[in-house]
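Visitor:
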Amino acid sequence: MSSEDIARLCANMTLLEKVRQLTAAVKIAGIQRMLLSLVGKILTNKLVNKEAFMGLVAKIWKVKAGLEIEATSTNIFTFYFNDVDDRSHVMDEGPWIGE
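Counted the way this note's numbering counts, the sequence shown spans residues 28 to 126.
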């Protein structure tokens with residue numbers, strides 16, 4: 028489930044609506060997605076060019092199985108890896124410093 032899907036569901040919520048339970052499959056899919064995710068912040072006072080950063084980071088990290096990057100807020104990004112080894116490599120080799 029993407030962040031847009033979640034936002035759409037939240038926008039339609041009311042306090043009068045009946046409680047909905049998540050299915051086991053949705054819970055498992057969410058857990059699996061989070062196990063392959065990281066959140067990172069670029070520590071700078073300058074605004075970062077999102078597109079340039081997103082294009083560069085996979086090359087710097089040498090991701091083999093692909094990477095999806097979502098700009099979460101100003102200079103904060105969520106990284107969704109397709110392989111646990113890629114995620115582990117990024118965590119083990121960090122922090123990452125660039126100019």
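Positions of the beta carbon are idealized from the N, C-alpha and C atoms, including for glycine. None of the values given here were measured: they were computed from a predicted structure.
Less than 8 Å between the beta carbons of isoleucine 96 and valine 84, yes or no?
Guide: In the sequence shown, the residue the question calls residue 96 occupies position 69. In the sequence shown, the residue the question calls residue 84 occupies position 57. In contact: isoleucine 96 and valine 84 (Cβ atoms closer than 8 Å).
Visitor: Helix, strand or coil for leucine 94, going by three-state DSSP, please let me know.
Guide: In the sequence shown, counting from the first residue as 1, residue 94 sits at position 67. DSSP places leucine 94 in strand when its eight states are reduced to three.
Visitor: Should glutamate 120 be counted as a contact of the ligand FMN given a C-beta to heavy atom distance under 7 Å?
Guide: As presented, the structure is devoid of all ligands, the ligand FMN included, so that no description of it is given.
Visitor: Does DSSP classify valine 84 as helix, strand or coil?
Guide: Mapped onto the sequence shown, residue 84 falls at position 57. Correct three-state label for valine 84: helix.
Visitor: Could you tell me how far apart the beta carbons of aspartate 113 and alanine 92 are, in whole angstroms, since I believe they sit closer than 8 Å?
Guide: In the sequence shown, the residue the question calls residue 113 occupies position 86. In the sequence shown, the residue the question calls residue 92 occupies position 65. Yes, they are in contact, since the Cβ atoms of aspartate 113 and alanine 92 sit about 6 Å apart, within 8 Å.
Visitor: Is it true that the CB of valine 117 sits closer than 8 Å to the CB of leucine 63?
Guide: For this step, residue 63 is matched to residue 36 along the sequence shown. For this step, residue 117 is matched to residue 90 along the sequence shown. It is not a contact, given that the beta carbons lie outside the stated cut-off.
Visitor: Rounded to a whole number of angstroms, what is the C-alpha to C-alpha distance between alanine 98 and arginine 47?
Guide: Counted from its first residue, the sequence shown places residue 98 at position 71. Counted from its first residue, the sequence shown places residue 47 at position 20. Put simply, the backbone Cα of alanine 98 is about 29 Å away from that of arginine 47.
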